[in-house]
Amino acid sequence: MNRVILSLLGFSLVGGTRALDCAPRDYGDGVVCVCNAGYCDKLEDITEQDLSKGNYLFYTSSKAGDRLAKSVNVFEASATAPEEPVFYRLNADVTYQEIMGFGGALTDSTGLNIMSLSDAAREKLLQTYFGEGGSQYLYLRVPIGASDFSLEYYTYDDVDGDVNWNNFALRDEDYKYKMPVIKRASDIRGQPIKLFGAAWSAPWWMKRNGTEFGFSYLLEEYYQAWADYYVK
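Numbering (mature numbering (1 follows the signal peptide of the UniProt record, and there is no 0)), first residue to last: -19 to -1, 1 to 213.
What follows is the structure, encoded as structure tokens:
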């Protein structure tokens, strides 16, 4: 059975919370919901009545200013029946994919911006991503080394020829910006946040172009070392 991880800037429908409406701010090209130390919007409960027989529930976001505006409506019979009826058969006993959770990317710039907020504003923001009434993220993609959202290029071992990774080490960006977010997110979620790592680039000395930047391929003699780097 295949498993699917969806990494989206989306939301999941949850219960157990009271709705807090969007505090809109119009920037001309569109409307955003203000989230600060004093206030952040939340999703509303989904009740049994919302999903009772014949009802359907939908959320609307629009350029005009709607942000996850909840609406409940009733399915109505079509005024004209189709010439040939269409039947759908759903087999609940067969599962082809399993959605393991939702999440987003925690890059250096993401962590830097989150950690630059006041304690109260940072807590509100993290609650909207990981808490009830928010997205309830469970997964984070974390770059292995620098990405295009970093202040500078780096990998975890830029010492030429160090195939045994004796100089492999995390960076200040990990300790200052990413680890605190991961730890607090796990506390809010009530379980450890699941991580999957992705390297944007191999160390420069492992690449055919021998430089930090630009498109290139891995030198064949470093295939095993590169695999060890990922495991490290």
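For glycine and all other residues, C-beta sits at the position ideal for the given N, C-alpha and C.
Since residue i is in the beta strand (DSSP E), which residue starts that stretch and which ends it?
{"i": "G84", "result": "78 to 86"}
{"i": "D7", "result": "5 to 7"}
Can you tell me whether residue i is buried or exposed? The criterion is at least 16 other CB atoms within 10 Å of its CB, across all chains shown.
{"i": "G112", "result": "buried"}
{"i": "R170", "result": "buried"}
{"i": "Y25", "result": "Looking at the sequence itself, residue 25 is Glu, so the reference to Tyr does not match. Label assigned to E25: buried."}
{"i": "K44", "result": "exposed"}
{"i": "M32", "result": "Per the sequence shown, residue 32 should be read as Leu rather than Met. Looking at its Cβ environment, which holds fewer than 16 other Cβ atoms inside 10 Å, L32 is exposed."}
{"i": "D138", "result": "buried"}
{"i": "S99", "result": "exposed"}
{"i": "L119", "result": "buried"}
{"i": "K164", "result": "exposed"}
{"i": "Q30", "result": "exposed"}
{"i": "Y211", "result": "exposed"}
The alpha helix (DSSP H) that contains residue i, what's its start and end?
{"i": "N54", "result": "It is not in any alpha helix (DSSP H) - N54 instead sits in the beta strand (DSSP E) that spans 50 to 55."}
{"i": "Y210", "result": "204 to 212"}
Helix or strand or just coil, what does DSSP make of residue i?
{"i": "G(-5)", "result": "Any reading at G(-5) is ruled out, since the residue's pLDDT is 37, under 50, leaving its predicted position unreliable."}
{"i": "L(-12)", "result": "Caution is warranted here: a pLDDT of 37 is assigned to L(-12), below 50, making its placement in the model unreliable, and no coordinate value can be reported."}
{"i": "D100", "result": "helix"}
{"i": "N145", "result": "coil"}
{"i": "K164", "result": "helix"}
{"i": "G92", "result": "helix"}
{"i": "L119", "result": "coil"}
{"i": "Y158", "result": "helix"}
{"i": "K44", "result": "coil"}
Give a yes or no on whether 9 Å exceeds the smallest Cβ distance from residue i to chain C.
{"i": "D31", "result": "Absence of chain C from the displayed structure is noted, only one protein chain being present."}
Between residue i and residue j, what straight-line distance do the alpha-carbon atoms span, to the nearest angstrom?
{"i": "K23", "j": "F149", "result": "42 Å"}
{"i": "A4", "j": "L106", "result": "14 Å"}
{"i": "T136", "j": "A50", "result": "43 Å"}
{"i": "S59", "j": "L71", "result": "22 Å"}
{"i": "Y37", "j": "Y8", "result": "33 Å"}
{"i": "Q108", "j": "E64", "result": "51 Å"}
{"i": "K213", "j": "G114", "result": "37 Å"}
{"i": "G35", "j": "T76", "result": "26 Å"}
{"i": "F39", "j": "D47", "result": "12 Å"}
{"i": "E79", "j": "P173", "result": "20 Å"}
Would you say the segment 122 to 141 touches the segment 9 to 26, given that touching needs at least three Cβ pairs under 8 Å?
-> no
For the 8 Å Cβ check, are there 3 or more pairs between the segment 150 to 161 and the segment 81 to 93?
-> yes
Hey, is the segment 173 to 182 in contact with the segment 116 to 130, meaning 3+ C-beta pairs nearer than 8 Å?
-> yes
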